[in-house]
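Engineer: Numbered according to our numbering, the sequence shown spans residues -2 to 217. To start, I am sharing the structure in question, which I have written as C-alpha coordinates.
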Amino acid sequence: MMKQNCYRLVRIVTNIIDLSKHDNGFLKLKIKNANIVSIVEDITMSIVKFAHMKNLNITFDTDIEEKIMAIDPDAIERIMLNLISNAIKFTKEGGSIYINIYDKGDRIIVSVKDTGVGIPESSLKSIFERFYQIDNTLSKNMEGSGIGLSLVKALVESHGGTISVESELNKGTEFIIELPVSLVENEIDNKSYINNENFIKIGSRTERINIEFSDIYGIK
-2 MMKQNCYRLV RIVTNIIDLS KHDNGFLKLK IKNANIVSIV EDITMSIVKF
48 AHMKNLNITF DTDIEEKIMA IDPDAIERIM LNLISNAIKF TKEGGSIYIN
98 IYDKGDRIIV SVKDTGVGIP ESSLKSIFER FYQIDNTLSK NMEGSGIGLS
148 LVKALVESHG GTISVESELN KGTEFIIELP VSLVENEIDN KSYINNENFI
198 KIGSRTERIN IEFSDIYGIK
(Lines of atoms letter the chains of each structure in order from A and count residues from 1; the text may use other names and numbers.)
(Lines give C-alpha, C1' and ligand atoms only; values in the text may rest on other atoms or scores of the structure.)
Protein backbone atom coordinates (compact mmCIF):
# COMPACT_ATOMS: atom_id res chain seq x y z
CA MET A 1 0.00 0.00 0.00
CA MET A 2 2.84 2.41 0.82
CA LYS A 3 4.51 1.78 -2.56
CA GLN A 4 1.18 2.26 -4.32
CA ASN A 5 0.60 5.58 -2.57
CA CYS A 6 4.14 6.68 -3.48
CA TYR A 7 3.44 5.89 -7.14
CA ARG A 8 0.25 7.95 -6.98
CA LEU A 9 2.07 10.89 -5.43
CA VAL A 10 4.85 10.71 -8.04
CA ARG A 11 2.26 10.72 -10.83
CA ILE A 12 0.40 13.73 -9.46
CA VAL A 13 3.56 15.76 -8.81
CA THR A 14 5.14 15.03 -12.21
CA ASN A 15 1.89 15.86 -14.02
CA ILE A 16 1.59 19.18 -12.19
CA ILE A 17 5.21 20.07 -12.94
CA ASP A 18 4.88 19.15 -16.61
CA LEU A 19 1.67 21.15 -17.00
CA SER A 20 3.39 24.13 -15.40
CA LYS A 21 6.26 23.75 -17.88
CA HIS A 22 3.77 23.64 -20.73
CA ASP A 23 2.01 26.79 -19.50
CA ASN A 24 5.31 28.65 -19.36
CA GLY A 25 6.64 27.42 -22.68
CA PHE A 26 9.29 25.10 -21.27
CA LEU A 27 7.73 21.78 -22.26
CA LYS A 28 9.76 20.92 -25.36
CA LEU A 29 9.24 17.83 -27.49
CA LYS A 30 12.11 15.66 -28.69
CA ILE A 31 10.86 15.21 -32.22
CA LYS A 32 12.27 12.50 -34.47
CA ASN A 33 11.08 10.31 -37.32
CA ALA A 34 9.64 7.14 -35.79
CA ASN A 35 7.09 4.41 -36.49
CA ILE A 36 4.04 5.41 -34.48
CA VAL A 37 2.34 2.06 -35.18
CA SER A 38 5.02 -0.02 -33.46
CA ILE A 39 5.24 2.46 -30.58
CA VAL A 40 1.51 2.29 -29.84
CA GLU A 41 1.46 -1.49 -30.28
CA ASP A 42 4.42 -2.00 -27.91
CA ILE A 43 2.78 0.17 -25.26
CA THR A 44 -0.49 -1.75 -25.62
CA MET A 45 1.25 -5.10 -25.24
CA SER A 46 3.10 -3.80 -22.18
CA ILE A 47 -0.10 -3.21 -20.23
CA VAL A 48 -1.99 -6.40 -21.10
CA LYS A 49 -1.38 -7.79 -17.60
CA PHE A 50 -3.24 -4.84 -16.07
CA ALA A 51 -6.23 -5.53 -18.29
CA HIS A 52 -6.15 -9.19 -17.27
CA MET A 53 -6.17 -8.16 -13.60
CA LYS A 54 -9.78 -7.05 -14.20
CA ASN A 55 -10.62 -9.81 -16.66
CA LEU A 56 -10.76 -7.30 -19.50
CA ASN A 57 -10.25 -8.03 -23.18
CA ILE A 58 -7.81 -5.68 -24.90
CA THR A 59 -7.46 -5.54 -28.68
CA PHE A 60 -4.97 -3.68 -30.87
CA ASP A 61 -5.73 -3.21 -34.56
CA THR A 62 -4.29 -1.07 -37.33
CA ASP A 63 -4.94 -0.64 -41.03
CA ILE A 64 -1.25 0.05 -41.67
CA GLU A 65 1.82 -1.82 -40.42
CA GLU A 66 4.20 1.11 -40.50
CA LYS A 67 3.87 4.89 -40.44
CA ILE A 68 7.07 6.86 -40.06
CA MET A 69 6.32 10.38 -38.90
CA ALA A 70 7.74 13.19 -36.80
CA ILE A 71 6.80 12.53 -33.17
CA ASP A 72 8.20 12.48 -29.67
CA PRO A 73 8.07 8.76 -28.74
CA ASP A 74 8.19 9.48 -25.01
CA ALA A 75 5.28 11.90 -25.27
CA ILE A 76 3.27 9.36 -27.29
CA GLU A 77 3.97 6.80 -24.56
CA ARG A 78 2.77 9.22 -21.90
CA ILE A 79 -0.43 9.91 -23.86
CA MET A 80 -1.23 6.25 -24.47
CA LEU A 81 -0.47 5.11 -20.93
CA ASN A 82 -2.85 7.71 -19.53
CA LEU A 83 -5.70 6.93 -21.93
CA ILE A 84 -5.37 3.16 -21.59
CA SER A 85 -5.10 3.32 -17.80
CA ASN A 86 -8.30 5.38 -17.72
CA ALA A 87 -10.01 2.84 -19.96
CA ILE A 88 -8.99 0.00 -17.65
CA LYS A 89 -9.90 1.95 -14.53
CA PHE A 90 -13.43 2.78 -15.66
CA THR A 91 -14.35 -0.47 -17.41
CA LYS A 92 -16.07 -3.16 -15.39
CA GLU A 93 -14.81 -6.71 -15.16
CA GLY A 94 -15.45 -8.66 -18.35
CA GLY A 95 -15.49 -5.54 -20.53
CA SER A 96 -13.37 -4.69 -23.55
CA ILE A 97 -10.83 -2.08 -24.62
CA TYR A 98 -9.92 -1.38 -28.24
CA ILE A 99 -6.85 0.50 -29.45
CA ASN A 100 -7.06 1.29 -33.17
CA ILE A 101 -4.87 3.16 -35.64
CA TYR A 102 -6.29 4.53 -38.89
CA ASP A 103 -4.12 5.86 -41.70
CA LYS A 104 -5.67 8.89 -43.42
CA GLY A 105 -2.67 9.77 -45.56
CA ASP A 106 -1.70 13.19 -44.27
CA ARG A 107 -2.89 12.36 -40.76
CA ILE A 108 -3.02 9.44 -38.36
CA ILE A 109 -5.93 8.69 -36.05
CA VAL A 110 -5.36 6.79 -32.81
CA SER A 111 -8.47 5.65 -30.95
CA VAL A 112 -8.80 4.28 -27.42
CA LYS A 113 -12.28 2.89 -26.92
CA ASP A 114 -13.80 1.03 -23.97
CA THR A 115 -17.08 -0.51 -22.86
CA GLY A 116 -16.89 1.19 -19.48
CA VAL A 117 -19.16 3.30 -17.31
CA GLY A 118 -19.11 6.23 -19.71
CA ILE A 119 -19.04 9.98 -19.14
CA PRO A 120 -22.16 12.10 -18.54
CA GLU A 121 -22.96 14.38 -21.47
CA SER A 122 -22.78 17.38 -19.15
CA SER A 123 -19.12 16.58 -18.41
CA LEU A 124 -17.84 16.03 -21.95
CA LYS A 125 -17.01 19.70 -22.60
CA SER A 126 -15.02 19.94 -19.37
CA ILE A 127 -13.23 16.60 -19.40
CA PHE A 128 -9.88 18.10 -20.46
CA GLU A 129 -9.99 20.98 -17.97
CA ARG A 130 -7.35 20.93 -15.28
CA PHE A 131 -8.41 19.35 -11.98
CA TYR A 132 -11.85 18.55 -13.38
CA GLN A 133 -13.37 15.38 -11.93
CA ILE A 134 -16.54 13.70 -13.07
CA ASP A 135 -19.28 13.48 -10.47
CA ASN A 136 -20.20 9.90 -11.21
CA THR A 137 -21.27 7.57 -8.41
CA LEU A 138 -20.34 4.60 -10.59
CA SER A 139 -16.67 5.53 -10.37
CA LYS A 140 -16.31 7.28 -7.01
CA ASN A 141 -13.86 4.65 -5.75
CA MET A 142 -11.57 5.20 -8.72
CA GLU A 143 -11.17 8.97 -8.88
CA GLY A 144 -7.91 10.42 -10.10
CA SER A 145 -6.33 13.83 -9.69
CA GLY A 146 -8.06 15.46 -12.65
CA ILE A 147 -4.70 16.37 -14.16
CA GLY A 148 -3.86 13.53 -16.55
CA LEU A 149 -6.20 14.39 -19.41
CA SER A 150 -5.10 18.03 -19.33
CA LEU A 151 -1.52 16.90 -19.85
CA VAL A 152 -2.59 14.47 -22.59
CA LYS A 153 -4.32 17.33 -24.43
CA ALA A 154 -1.24 19.53 -24.04
CA LEU A 155 1.06 16.83 -25.46
CA VAL A 156 -1.27 16.09 -28.37
CA GLU A 157 -1.56 19.78 -29.25
CA SER A 158 2.21 20.16 -28.99
CA HIS A 159 2.36 17.68 -31.89
CA GLY A 160 -0.03 19.92 -33.84
CA GLY A 161 -2.83 17.43 -33.25
CA THR A 162 -6.28 17.33 -31.68
CA ILE A 163 -8.03 15.07 -29.19
CA SER A 164 -11.77 14.58 -28.81
CA VAL A 165 -14.04 12.32 -26.80
CA GLU A 166 -17.31 10.54 -27.46
CA SER A 167 -19.15 8.77 -24.67
CA GLU A 168 -22.44 7.33 -23.54
CA LEU A 169 -23.32 6.42 -19.97
CA ASN A 170 -23.15 2.70 -19.23
CA LYS A 171 -21.96 1.96 -22.77
CA GLY A 172 -18.43 3.30 -22.97
CA THR A 173 -16.05 6.03 -24.04
CA GLU A 174 -13.79 6.68 -27.01
CA PHE A 175 -10.88 9.11 -27.09
CA ILE A 176 -9.83 10.04 -30.62
CA ILE A 177 -6.40 11.52 -31.34
CA GLU A 178 -5.68 13.04 -34.73
CA LEU A 179 -2.05 13.81 -35.58
CA PRO A 180 -0.68 15.46 -38.73
CA VAL A 181 1.84 13.37 -40.67
CA SER A 182 5.14 15.07 -41.38
CA LEU A 183 8.82 14.22 -41.35
CA VAL A 184 11.82 15.92 -39.85
CA GLU A 185 14.02 16.64 -42.85
CA ASN A 186 17.24 16.74 -40.88
CA GLU A 187 17.21 15.01 -37.51
CA ILE A 188 20.59 16.52 -36.68
CA ASP A 189 19.13 20.01 -37.03
CA ASN A 190 16.18 18.83 -34.98
CA LYS A 191 18.41 18.76 -31.89
CA SER A 192 17.38 22.37 -31.47
CA TYR A 193 14.08 21.00 -30.18
CA ILE A 194 15.79 19.06 -27.43
CA ASN A 195 15.86 20.91 -24.16
CA ASN A 196 16.89 19.93 -20.65
CA GLU A 197 13.52 21.26 -19.53
CA ASN A 198 11.65 18.44 -21.29
CA PHE A 199 8.85 16.70 -19.40
CA ILE A 200 9.87 14.40 -16.58
CA LYS A 201 10.73 10.83 -17.54
CA ILE A 202 11.14 8.37 -14.71
CA GLY A 203 13.03 5.07 -14.85
CA SER A 204 12.17 2.22 -17.17
CA ARG A 205 8.91 1.74 -19.04
CA THR A 206 7.91 -0.84 -16.39
CA GLU A 207 8.37 1.77 -13.67
CA ARG A 208 6.45 4.38 -15.65
CA ILE A 209 3.61 1.90 -16.22
CA ASN A 210 3.48 1.12 -12.50
CA ILE A 211 3.23 4.84 -11.74
CA GLU A 212 0.50 5.50 -14.32
CA PHE A 213 -1.50 2.45 -13.23
CA SER A 214 -1.14 2.99 -9.49
CA ASP A 215 -4.88 3.68 -9.11
CA ILE A 216 -5.69 0.25 -10.52
CA TYR A 217 -3.78 -1.89 -8.04
CA GLY A 218 -6.15 -3.96 -5.96
CA ILE A 219 -9.08 -3.50 -8.38
CA LYS A 220 -10.37 -6.78 -9.79
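We treat Cβ as the ideally placed atom computed from N, Cα and C, and that holds for glycine.
1. What's the call for Thr134, buried or exposed, on a 16-neighbour Cβ count within 10 Å?
2. Using C-beta distances below 7 angstroms, list every residue in its chain close to Val181, excluding the 5 sequence neighbours before and after it, in chain order.
3. Where are the beta strand (DSSP E) runs, 3 residues long or more, that stay fully inside the stretch -2 to 72, in chain order?
4. Thinking C-beta only, is Asn79 closer than 7 angstroms to Gly145?
5. Does the beta-carbon distance from Gly115 to Glu165 come in below 7 angstroms?
6. Using DSSP with H/G/I as helix, E/B as strand and the rest coil, what is Lys110?
7. Mapping DSSP to helix, strand and coil, what is Asn83?
8. Taking the alpha-carbon of Ala84 as reference, which of Gly102, Ser35, Lys110 has the nearest alpha-carbon?
9. Using a Cβ-Cβ cut-off of 6 angstroms (strictly less than) and excluding sequence neighbours within five positions of Ser155, which residues of its own chain qualify?
10. Let's see if you can read the secondary structure: which residues bound the alpha helix (DSSP H) around Ser164?
11. Does the stretch 41 to 52 come close enough to the stretch 97 to 106 to have 3 or more Cβ pairs within less than 8 angstroms?
12. With Glu154 as the anchor, note down where its alpha helix (DSSP H) starts and where it stops.
13. So, under 8 angstroms CB-CB, Val178 and Ile96 are touching, yes? Tell me the CB distance rounded to an integer number of Å.
Structural biologist: According to the data block:
1. Per-residue confidence for Thr134 stands at a pLDDT of 47, beneath the threshold of 50, marking its modelled position as unreliable; no derived number is given.
2. Ile28, Lys29, Asn30, Ala67, Asn187
3. 29 to 32, 54 to 59, 65 to 68
4. yes
5. yes
6. strand
7. helix
8. Lys110
9. Leu26
10. Segment 159 to 165 is the beta strand (DSSP E) holding Ser164; no alpha helix (DSSP H) there.
11. no
12. 145 to 155
13. Contact doesn't hold; Cβ gap of about 19 angstroms is too wide.
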